[in-house]
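If you're matching positions, the sequence shown starts at 240 in the working numbering and goes up one per residue. Beta carbons: idealized from backbone N, C-alpha and C, even for Gly.
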Amino acid sequence: MKTIQVLLGAVCCVTSAMEAEYYSEPQVYGLRPNPGVENELGPIGVTGIEARIGKGVQVTVETVQPGSQASGKFNKGDIILGVNGVKLAGRDPLPVLG
240 MKTIQVLLGA VCCVTSAMEA EYYSEPQVYG LRPNPGVENE LGPIGVTGIE ARIGKGVQVT
300 VETVQPGSQA SGKFNKGDII LGVNGVKLAG RDPLPVLG
């Protein structure tokens, strides 16, 4: 398994008390992923990537659409650490992923 940075968009959600310990910046949207629960993220914009948000808000590639921008660059199980130089650690991945 490799770790990679992505260059485009996304959507998902949930909230909890663990958020205060995990998130390092103020909440942007009404909901954000619960760091203690795994959630389906779904498609990330037009990248062709479908992802999942795991515990600790780890964004993992689930599938890559054949012929998409991500095809041949991403594989199932790749971990997305950041987007366009912005690290996901401690942040809500939804605004970062677009």
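Helix, strand or coil, according to DSSP, for Q244 in the structure here?
Any reading at Q244 needs caution, since the residue's pLDDT is 48, under 50, leaving its predicted position unreliable; the model's value is listed next. Three-state DSSP puts Q244 in a strand.
Using only alpha-carbon positions, find the residue among L336, V335, D331 and G337 that is nearest to P379.
Given that the chain is displayed from residue 240 to residue 337, the structure contains no residue 379 and the question cannot be resolved.
Please name the residue in G306, V325 and G316 whose C-alpha comes closest to that of V285.
G306
Pull up the CB-CB distance for K312 and T302, whole angstroms please, since I reckon it's below 8 Å.
K312 to T302, Cβ: 13 Å. No contact.
Looking at the unbroken beta strand (DSSP E) that takes in L280, where does it start and where does it end?
N278 to P282
Checking 8 Å against the spacing of the C-beta atoms, do K272 and V296 come in under that value?
A quick correction: the sequence has Pro, not Lys, at residue 272. Taking 8 Å as the Cβ cut-off, P272 and V296 qualify as a contacting pair.
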